[in-house]
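A quick write-up on the structure given underneath.
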Amino acid sequence: MKALVAVKRVIDYNVKVRVKADGTGVETANVKMSMNPFDEIAVEEAVRLKEAGVVTEIVAVSAGVQACQETLRTALAIGADRAILVETDAELQPLAVAKLLKALCEKESPQLVILGKQAIDDDANQTGQMLAALLGWPQATFASKVKVEDGKATVTREVDGGLETIALKLPAVVTTDLRLNEPRYVTLPNIMKAKKKSLENLKPDALGVDVKPRLATLKVVEPPKRKAGVKVPDAKALVEKLRNEAKVI
Amino acid sequence: MNTAEETQILDAIGKWLERDVRPKARELEKKDEYPEQMVEQMKAFGLFGATIPQEYGGLGLSSATYAKIVAQISEVWMSLTGIFNSHLIMAAAVARYGTRAQKEKFLPRFASGEVRGGLALTEPDCGTDLQAIRTRAVKQGGHYVVNGTKTWISNGIKGSCFALLVKTDPEAKPRHKGMTMFLAEKGPGFRVSKKLEKLGYKGIDSAELIFEDFRIPAENLVGGEEGKGFHHAIGGLELGRINVAARGVGVANAALKDAVAYSQVRKTFGKPICEHQAIQLKLGEMATRCEAARLLVENAARAYDAGERCDMEAGMAKYFASEAALENSIEAVRIHGGYGYSTEFNVERYYRDAPLMCIGEGTNEMQRIIIARQLIARNPA
């Protein structure tokens, strides 16, 4: 069974993001980039399914600028077998990525697509859902446990009320939540081995997908600065302030 | 190796350092406990084979990339680098000077970390004057019989194989022509007499080793020829000095980062201390030392990787970077004030670790002499 895993190149989670002076976006020049952490969980899950003998081949895919190759090399070093980059300098929005992934699914015919539930840059949380809708495949988002056997996937989801377990017929789309697994370390020998794995480069046109943005960003601003807190001497004073100043109790 | 791959390697190690090393380093250091679990992780990372050629199962990294790894790890816990540094210098001696059979026998086991060890050069009454060693090896049939004592041997307790420098001809003139290097695997007649207690550099086992009628097969004589040992040892020291310099860069950076962070949250007279000029002068000097030390290490590593003679460059890097570590760590202690003297903060550890780099792998006094001698030799009158 083939698994397709989508990975996104984002600003590293340790970087303090700065808004550009002209308000058109955030600074990305000379900023450390790495794989979206939820996508790393997705790759790890696919590798675990392969190690368990469920998945036979893992194809890591990404869309974006040429440097996304580095993100794909990391996926290969974690354990993906080969990679495909849909290279474009265009600004990619979730719908365009979902369309590209749909085209790749038609090309590769995977039984399982695993993606991060959202990317830590735009926090959109849309691509997995859009992909499932475009393909007409079942979906299980926010997965904290995935079991695949007998042509179906049993997925435990993290929902508001607690956990929900659902069964899906394959092929299906799964998006990962934080607690699904803890990704392994990429070891140096595997980084070296990843250099020899295949990385195919495609253009959106070759997949017949129009990636033009549908949404326009009007302005990007810093969140308002938080005011300094106040210290209260005891619980009584806290209750008093909550009741009379904050008016929340 | 291109920049992207190097970045990928450093990222992978950085994640490990943040997740598994930083939270545990202070406790292990306090207890002077050998970091068994981290050693297993370093094995999996391939660090014990970092600079060993790929054909023998290593990663074949350049010394430039390797130095960056050493600096990065030292920034979190310098002791860890001692576990594979000395080991890799031993491996480098085999890779550069060993026979084909020795390379095939030892290097794959070194690379996997299955066999670990280091260099055994220093003796109780000689270190800098290496040609004065007294450990003796006498040939008896297909073996050499070794008697003597070695001290300050990194990995002496946990390691099992050492590049052992001995005298095979104590009467030779010049003295170095009587020196020979062997690969000594622990066995009867080879024992650890004691673990050495130290100011810093905790967690790693520095030991005294005693050889009493210890028999080494003649096939373990590095390069198969007597009298080349001094050359083999010195050849490894250039790389060793680049490594120690990289450790200095790491410790100097750690001291700077902690000092910058602390100075932004600690307030005196109504403002963060980083806004006082007295602290700014210190931070400015510390940051400049870090940058200069890093560039000197990069320059020495580049020369080493290009196969150029680099004793002067490695000496400069080692001298400057280790002094930078020492100066930055005491400045970090001062910036932290009373907390700097407390074991609740890491800066006191940097201050205890830094002198090792000034003394080990050739004292800084010796480095300045090496630099001057080369300077004169390269600029004849």
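So the sequences go chain by chain: A and B.
Those letters in the first sequence? Residues 100 to 348, by my numbering.
Those letters in the second sequence? Residues 337 to 717, by my numbering.
Just so you know, even glycine gets a beta-carbon here, dropped at the ideal spot from N, CA and C.
Computed from a prediction, not measured in an experiment: that's the story for all the values here.
Kindly indicate which residue of the options has the alpha-carbon position closest to the one of residue i.
i, options, result
"W324(B)", "A543(B), L557(B), R436(B)", "The first residue shown for chain B is 337 and the last is 717, placing residue 324(B) beyond what the model contains."
"I540(B)", "G492(B), L573(B), S529(B)", "G492(B)"
"A427(B)", "V412(B), V451(B), I409(B), E376(B)", "V451(B)"
"Q710(B)", "R670(B), R645(B), E663(B)", "R645(B)"
"T262(A)", "M291(A), T240(A), W236(A)", "Rather than Thr, the amino acid found at residue 262(A) in this sequence is Leu. The option with the nearest alpha carbon to L262(A) is T240(A)."
"E507(B)", "R472(B), K538(B), F498(B)", "R472(B)"
"A468(B)", "P716(B), V585(B), K475(B), G514(B)", "G514(B)"
"V158(A)", "A145(A), C167(A), Q165(A)", "A145(A)"
"L416(B)", "H567(B), Y537(B), A569(B), S665(B)", "Y537(B)"
"Q742(B)", "K366(B), E701(B), E667(B)", "As displayed, chain B neither begins before 337 nor continues past 717, which places residue 742(B) out of reach and without an answer."
"G396(B)", "E354(B), S448(B), M414(B)", "S448(B)"
"D249(A)", "K107(A), A232(A), K268(A)", "K268(A)"
"L317(A)", "D121(A), I110(A), A102(A)", "D121(A)"
"E611(B)", "V596(B), E621(B), E372(B), R358(B)", "V596(B)"
"A744(B)", "A437(B), K404(B), I671(B), F547(B)", "This structure leaves residue 744(B) out entirely; chain B is present only between 337 and 717."
"K131(A)", "F137(A), P303(A), K115(A)", "K115(A)"
"L214(A)", "V338(A), N129(A), L103(A), S133(A)", "L103(A)"
"K251(A)", "V272(A), A231(A), K302(A), S243(A)", "V272(A)"
In this structure, how does DSSP classify residue i when only helix, strand and coil are distinguished?
i, result
"P506(B)", "coil"
"V158(A)", "strand"
"T316(A)", "coil"
"K335(A)", "helix"
"R283(A)", "coil"
"G453(B)", "strand"
"A189(A)", "coil"
"S678(B)", "coil"
"G643(B)", "coil"
"E344(A)", "coil"
"T387(B)", "coil"
"R278(A)", "helix"
"S410(B)", "helix"
"F550(B)", "strand"
Flag residue i as yes if its beta-carbon sits less than 8 Å from any beta-carbon of chain A, otherwise no.
i, result
"G492(B)", "no"
"D347(B)", "yes"
"K351(B)", "yes"
"E372(B)", "no"
"G382(B)", "yes"
"Q344(B)", "yes"
"E341(B)", "yes"
"L592(B)", "no"
"L283(B)", "Residue 283(B) is absent from the structure shown; chain B starts at 337 and stops at 717."
Tell me where the beta strand (DSSP E) around residue i begins and ends.
i, result
"H479(B)", "479-490"
"E263(A)", "261-268"
"S243(A)", "238-248"
"N421(B)", "Where N421(B) is concerned, there is no enclosing beta strand (DSSP E), although the alpha helix (DSSP H) it sits in stretches over 415-433."
"Q476(B)", "472-476"
"R355(B)", "No beta strand (DSSP E) holds R355(B); DSSP gives it neither H nor E."
Would you please verify whether the beta carbon of residue i is less than 8 Å from any beta carbon of chain B?
i, result
"P288(A)", "yes"
"V212(A)", "no"
"E169(A)", "yes"
"S133(A)", "yes"
"V109(A)", "no"
"T264(A)", "no"
"R278(A)", "no"
"M291(A)", "yes"
"R294(A)", "This sequence places Lys at residue 294(A); Arg is not what is there. Yes - at least one Cβ of chain B is within 8 Å of the one on K294(A)."
"T127(A)", "no"
"V245(A)", "no"
"Y284(A)", "yes"
"R172(A)", "yes"
Could you give the residue range of the alpha helix (DSSP H) that holds residue i?
i, result
"A653(B)", "647-672"
"G572(B)", "565-601"
"E365(B)", "358-367"
"F518(B)", "That residue, F518(B), is in no alpha helix (DSSP H); its beta strand (DSSP E) goes 515-521."
"D138(A)", "136-150"
"I177(A)", "167-177"
"D221(A)", "Note, D221(A): premise wrong, no alpha helix (DSSP H); not H, not E."
"T339(B)", "339-352"
"R704(B)", "700-714"
Taking three-plus beta-carbon pairs below 8 Å as touching, is the region 589-600 of chain B in contact with the region 643-658 of chain B? In short, these stretches do not touch, since the Cβ pair count stays below three.
Pairing CB atoms from the region 222-230 of chain A with CB atoms from the region 336-344 of chain A, are three or more of them under 8 Å? In this structure the region 222-230 of chain A does not touch the region 336-344 of chain A; the number of beta carbon pairs closer than 8 Å is below three.
Evaluate contact between the region 175-192 of chain A and the region 307-324 of chain A, counting only Cβ atoms and requiring at least three cross-stretch pairs below 8 Å. They touch, by the three-pair rule.
Do the region 137-151 of chain A and the region 266-280 of chain A meet, that is, are 3 or more Cβ pairs less than 8 Å apart? When C-beta atoms of the region 137-151 of chain A are compared with those of the region 266-280 of chain A, three or more pairs fall below 8 Å, so the two segments count as touching.
Does the count of Cβ pairs from the region 546-565 of chain B and the region 515-531 of chain B closer than 8 Å reach three? Note that the region 546-565 of chain B touches the region 515-531 of chain B; at least 3 beta-carbon pairs, one per stretch, sit closer than 8 Å.
Does the region 561-581 of chain B come close enough to the region 421-436 of chain B to have 3 or more Cβ pairs within less than 8 Å? Yes, the region 561-581 of chain B is in contact with the region 421-436 of chain B.
Would you check if the region 164-178 of chain A and the region 292-302 of chain A touch, i.e. whether three or more CB-CB distances between them fall below 8 Å? Yes, they touch.
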